[in-house]
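See structure below.
Numbering (our numbering), first residue to last: 4 to 175.
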């Protein structure tokens, strides 16, 4: 039977606003997904993270900015199972087996990071230029994820853990 591949790559968007006093307010939304098939079932598995961040500039020059960040948010996973029977009989259609099921799990996420942004000036004054950023940090999960189906808690699901070190490249 086919299995899931271990994926460490998330794609997403990040936005932040820097105040005149050096306060940084930001948000990150990331996710990944894959689909696997067996003879009878298609499983679509996705992961997601949403984090609100606050930080403060500790070093700033005309091209470089360095800042620590603290964030709080939620990380989770979904599994959507769809039965792939060609044409079910009437008895199959009314039997108490699943045709389509979606399971979800989520937990709180804390984030601690150090970021650095390098601003490449534009050749023309009418453009802002390019920003290249790096972030190195750690995600902490203070609570265990709870698996649910249709709003009801279920027991014994796989461990979904967004905690651990991370490295991000930002381009904007």
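Don't be surprised by glycine CBs; every beta carbon is placed ideally from N, CA and C. Predicted model only: the values in this text are computed from it and were never measured.
Pop quiz: residue 155 and residue 121 are said to be a contact at Cβ under 8 Å. What is the actual Cβ separation, rounded to whole angstroms? Contact doesn't hold; Cβ gap of about 49 Å is too wide.
Just how far apart, CA to CA, sit residue 118 and residue 71? 6 Å
Euclidean distance between Cα positions of residue 104 and residue 173: 36 Å
Distance between residue 28 and residue 78 (C-alpha atoms, nearest Å): 19 Å
Give the secondary structure of residue 94 by DSSP, where H, G and I count as helix, E and B as strand, and everything else as coil. helix
To the nearest whole angstrom, what separates the beta carbons of residue 49 and residue 64, a pair I think is in contact under 8 Å? Contact flag wrong, Cβ pair sits at about 40 Å.
Got a sec? Which residues, its chain only, sit under 8 Å from residue 5 by beta carbon, not counting five neighbours each side? Residue confidence is low: residue 5 scores 47 on pLDDT, short of 50, so the model does not pin down where it sits. No coordinate-derived value is stated.
Entirely enclosed beta strand (DSSP E) segments - the region 53–94, minimum 3 residues: 67–86
My understanding is that residue 114 touches residue 74, with C-beta atoms under 8 Å, so please give their C-beta distance in whole angstroms. 4 Å
Through-space distance from residue 123 to residue 158, alpha-carbon basis: 51 Å
Hey, residue 116 and residue 140 are a contact pair by Cβ (cut 8 Å); roughly how many whole angstroms apart? 3 Å
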